[in-house]
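Data first, discussion second: the structure below is written as structure tokens.
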Amino acid sequence: MLESKPARWGTKAYRDARQLYLSSFPEWERFSLPSLLVMSLKPSVNFHSLYDGDKFAGLAYYVESESTIYLTYLAVNEKLRGHGYGSQILTMLENKYQDKAIVIDIEPVVPTAKNYKQRISRLKFYERNGFHRTDQKLKDQDGEFEALTTGKKLDKVGFAKALKQMSFGLYQFKIEK
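Residue numbers (my numbering): 1170 to 1346.
Structure representation (structure tokens):
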């Protein structure tokens, strides 16, 4: 069973999450670490390190709205990938928020992408864990991302509320086909 610990400034949980965050996501996809920390001071925003005993397994950064959990970042410790930790993290969130749909966004799965195989692998992972594709895209200054959800359909209003809550309304985005 994984244990979730808040990644607060100065803690081991923060140091573990920081290192994994910086190594797992390209710079253009990342919020600054100070921004993540400030946003996570809001009760609806969660920045957590996950541990299997004393082993650092991964991180989850997510925001809650009334109907939606937006999983902004999920990463598994590189040394532990392929051992089911990503699925365990998703299951933990699904069990905690049974009455809410979980939404993620991924790079579009297009054959011309340089990392096409990685994108296919990521999509299959999420589909194995109960997510399905929607016809909606999250569009922002960094590009376009495909929205996946565990709900029957994407709740655009709940998703938009989560994005606004996370960023104090400063993040500029569109959710559209």
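Built from N, CA and C at the ideal position, the CB exists for glycine as well.
Note that the structure is predicted; figures quoted are calculated from it, not measured.
Reduced DSSP secondary structure (H/G/I, E/B, other) of residue i
i	result
Arg-1288	helix
Glu-1235	coil
Val-1272	strand
Ala-1186	helix
Phe-1294	helix
Leu-1191	helix
Gly-1327	helix
Gln-1305	strand
Thr-1281	coil
Leu-1240	strand
Leu-1317	strand
Leu-1171	coil
Lys-1211	coil
Lys-1322	coil
Leu-1339	coil
Cα-Cα separation between residue i and residue j, rounded to whole angstroms
i	j	result
Lys-1248	Ser-1193	12 angstroms
Phe-1300	Asp-1185	27 angstroms
Lys-1306	Ile-1273	11 angstroms
Glu-1198	Thr-1241	10 angstroms
Gly-1179	Gly-1227	18 angstroms
Val-1207	Thr-1319	28 angstroms
Arg-1177	Lys-1211	12 angstroms
Asn-1264	Ile-1271	11 angstroms
Phe-1216	Asn-1246	15 angstroms
Per-residue burial, residue i [other beta carbons within 10 Å of its own, 16 or more giving buried]
i	result
Lys-1322	exposed
Met-1170	exposed
Lys-1346	exposed
Glu-1196	exposed
Asp-1223	exposed
Glu-1235	exposed
Thr-1281	exposed
Leu-1189	buried
Continuous beta strand (DSSP E) stretch holding residue i: start and end
i	result
Val-1207	Val-1207 -> not in any beta strand (DSSP E); alpha helix (DSSP H) instead, spanning 1202–1208.
Leu-1249	Segment: none, Leu-1249 is in no beta strand (DSSP E) and carries neither H nor E.
Leu-1219	1214–1221
Lys-1343	1342–1345
Any non-hydrogen atom of the ligand FMN closer than 8 angstroms to residue i Cβ
i	result
Ser-1193	The model depicted lacks the ligand FMN and carries no ligand whatsoever.
query = Any contact of the region 1285–1296 with the region 1330–1342, i.e. 3+ C-beta pairs under 8 angstroms?
reply = no
Cβ contact (3+ pairs, closer than 8 angstroms) linking the region 1307–1317 and the region 1264–1277: yes
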